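K.L.:
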Amino acid sequence: MIALLLAAQLATGAPPLKVATYAYPKYDRAAALEPMAKQLGQALGRETQVVLLATPDALAASIRAGEVDVAMTNLAAYLAVQSDPKVQAVAVLDVPPATAGRYRGVLVARRNAGVAAMRDLPAKAAGLRYAEVLPGSTSGALVQAGALREVGLTPDRFKEVHQAGTHEAALAALQAGDADLAAFAEEPWRKLKADNPQAAAGLVELWRSDPLPAGPVVCVRAATTPCDEIEGLLLRDGAKAAADLAKGWSETEGAMRFRAHDDRHYDGVH
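Numbered according to numbering that gives the first Met the number 0, the sequence shown terminates at residue 269, and the numbering increases by one at each position without gaps.
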């Protein structure tokens, strides 16, 4: 408590604490961030500003540039800033096992595209239209790019690459015949198979990731941003902020508190 009071005193006259993430059409992420921003601002004696970047890649760039102070990342954005010495992962949402086990990415093709397995892609790539969600999407771009590298491909080898904007839109592009291959989270694919098996039968799953860890909350170290105090506050008193924050991402659904960050959970993810 003493440390937090001192931090609040030192912060007098400091610029607003910028609390950031990236936008996604399905969720009101400004509303999800606001309780955490308010709690941090009150504890540190600073005004706060919620900032939404266009994509996870844009969020990572703002973190690296020191343009934001605290950020809720996704996995892709965190991996992009993980090695930056000024970036401190302060907490991660404690995601229920059932939610964590469902968070995967898939690569799905139209059955008439002539690819039945990952090994078929290199020979066919130049004629395939590829859809992914958006730059820096973990389950709708990042992990699929890693799977493509395993068979010697990068997305620029495809005839065209389309940014669909959402996971559901990437799947819809396949169904409409606007894409031949698409990257998206497993959840809409699972739903299609359950709700409309006939439509799903026209598609083929080429690859499915292991369960993916959610990205942590990170803090950018600066003279006016006491990251250790922020970490302690979230881990000790952040339950309400955590529950609201979790509502902004499908992969954190149901989380009710923060837990300590452990970088080992991200080993081997690419």
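Here a beta-carbon is modelled for each residue, glycine too, at the ideal position from N, C-alpha and C.
These figures come from a predicted structure and were not determined experimentally.
Applying the 10 Å Cβ sphere with the 16-neighbour rule, what's the burial state of M255?
P.N.:
Exposed, by the Cβ-count rule.
K.L.:
Starting from the Cα of V203, find the closest Cα among A115, G267, Y21, Y102 and give me that residue.
P.N.:
It is A115.
K.L.:
Could you tell me which of R148, A238, P196, G65 sits nearest to R118, measuring between CA atoms?
P.N.:
The shortest Cα separation from R118 among R148, A238, P196, G65 belongs to R148.
K.L.:
Could you give the distance in angstroms between the alpha-carbon of L205 and the alpha-carbon of G40?
P.N.:
Spanning the two alpha carbons is a distance of roughly 47 Å.
K.L.:
Using the Cα positions of V160 and L232, report the straight-line distance between them to the nearest angstrom.
P.N.:
So the two alpha carbons sit approximately 43 Å from each other.
K.L.:
Nearest by alpha-carbon distance to G12: which of L170, G253, T224 is it?
P.N.:
Ranking the options by Cα distance to G12, first place goes to T224.
K.L.:
Looking only at its chain, what residues have a beta carbon closer than 7 Å to the beta carbon of P210, apart from the 5 residues adjacent to it on each side?
P.N.:
So the list reads A99, G100, Y102, R103, once near-sequence residues are dropped.
K.L.:
Three Cβ pairs or more, each shorter than 8 Å: is that satisfied between the segment 136–156 and the segment 70–77?
P.N.:
Result yes; three or more Cβ-Cβ pairs closer than 8 Å.
K.L.:
How about T54 and L16: are their beta carbons less than 8 Å apart?
P.N.:
No, they are not a contact pair.
K.L.:
Might you give, ordered along the chain, the residues of its own chain that have their beta carbon closer than 7 Å to the beta carbon of H264, omitting 5 neighbours on each side?
P.N.:
Contacts found: P212.
K.L.:
Under 6 Å Cβ to Cβ from P95, same chain only, skipping five residues before and after it: list those, please.
P.N.:
Cβ neighbours of P95 beyond the five flanking positions: G253.
K.L.:
Quick check: the Cα distance between D179 and R207, rounded to an integer number of angstroms?
P.N.:
Those two C-alpha atoms are separated by around 17 Å.
K.L.:
Can you give the Cα-Cα distance for A112 and Y23, rounded to whole angstroms?
P.N.:
Their backbone Cα atoms lie some 30 Å apart in a straight line.
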